[in-house]
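Residue numbers (my numbering), protein chains in the order written: chain V, 1 to 117; chain G, 118 to 281.
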């Protein structure tokens, strides 16, 4: 088994992602963000259905940092010098894998739903 | 409210608090500042404090079991991490122990059958001793089983972390 096979297998083991984690990754896919900005963006993307607490957010961020899906850096543009987060290439690949998996599932569900009706 | 939040951050392991504590507090300040009504403040307080308690518990659990043995907490159930794998060595060891116990029981039965059935009781046994004996044995076996299960789970979690 090649290294890339092992690597993609390890990625697949972490799928499917939970909804909060998926939304956090989607939030960071567009641009780097700091904690408060991620909270607000997740709320906006889910139409207010998913409202993360800071405990949940930073638990997820810590795990994503440990798995090297995201990285942390100091935001220089702001006067507060806040920590911000952005996707790593590995994180972006994993997000793409999850989106592909969901797309396949949705296509299958649509086909079956059409057949049933 | 901010003081309560800062105090609750001490529930987290020191390393997590050092890495994220100030940042979490700053984000909570921003969240709290935009909540003006009593209802939104109450909802935010409940969500934040529940999130902190769950988060702190999860981080402590992670300290004990390691990243690969981490469990994800949903409101009503524990779900093992996808990466969790039960080590083959433990399964083999458990099978060997079971086989050993079965063989020992069979041998014991054979020996008991080969002995003449004329043995006298060694000493009179008070009825109270008999009634006490079974709860003690049950308790002992219960603790032993709980210890064995707990030990096996911890061992499995650590092994899966090492082999990951």
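C-beta: ideal position from N, C-alpha, C; glycine also.
Asked                                                                                                                                     : Found
For residue 129/G, which three-state DSSP category applies?                                                                               : coil
Nearest-angstrom Cα distance between residue 44/V and residue 168/G?                                                                      : 20 Å
Consider the Cβ of residue 59/V: report whether some Cβ of chain G lies at a distance smaller than 7 Å.                                   : yes
Does the stretch 16-34 of chain V touch the stretch 81-98 of chain V, meaning 3 or more C-beta pairs lie closer than 8 Å?                 : yes
For residue 87/V, does the three-state DSSP call read helix, strand or coil?                                                              : strand
What are the boundary residues of the alpha helix (DSSP H) that residue 19/V is part of?                                                  : 19-30
Compare the C-beta of residue 159/V against all C-beta atoms of chain G and say whether one is closer than 7 Å.                           : This structure cannot speak to residue 159/V, because chain V is shown only from 1 to 117.
Just checking my contact of residue 60/V with residue 20/V at CB under 8 Å: how many whole Å lie between their CB atoms?                  : 6 Å
Could you please give the first and the last residue of the uninterrupted beta strand (DSSP E) stretch that includes residue 72/V?        : 70-74
Check the Cβ-Cβ distances between residue 271/G and every residue of chain V, and say whether any is below 7 Å.                           : no
State the Cα-Cα distance for the pair residue 124/G and residue 76/V, rounded to the nearest angstrom.                                    : 29 Å
Report yes or no: is there a C-beta of chain V within less than 7 Å of the C-beta of residue 172/G?                                       : yes
For residue 179/G, which three-state DSSP category applies?                                                                               : helix
Is residue 220/G buried or exposed, if buried means 16 or more other CB atoms sit within 10 Å of its CB?                                  : exposed
Report the rounded CA-to-CA distance for residue 56/V versus residue 252/G, giving the unit in angstroms.                                 : 45 Å
Measuring alpha carbon to alpha carbon, tell me which residue in 129/G, 210/G, 231/G and 151/G is nearest residue 269/G.                  : 210/G
Rounded C-beta distance between residue 145/G and residue 176/G? I'm assuming under 8 Å.                                                  : The Cβ separation is near 17 Å, so there is no contact.
So, do the stretch 31-43 of chain V and the stretch 94-104 of chain V have three or more beta carbon pairs nearer to each other than 8 Å? : no
For the alpha helix (DSSP H) containing residue 63/V, list its first residue and its last residue.                                        : 54-66
Check the C-beta distance from residue 71/V over to residue 88/V and give it rounded, since I have them as a contact under 8 Å.           : 5 Å
Where does residue 38/V land, buried or exposed, given buried means 16+ other C-beta within 10 angstroms?                                 : buried
Closest Cβ-Cβ distance between residue 55/V and chain G: below 7 Å?                                                                       : yes
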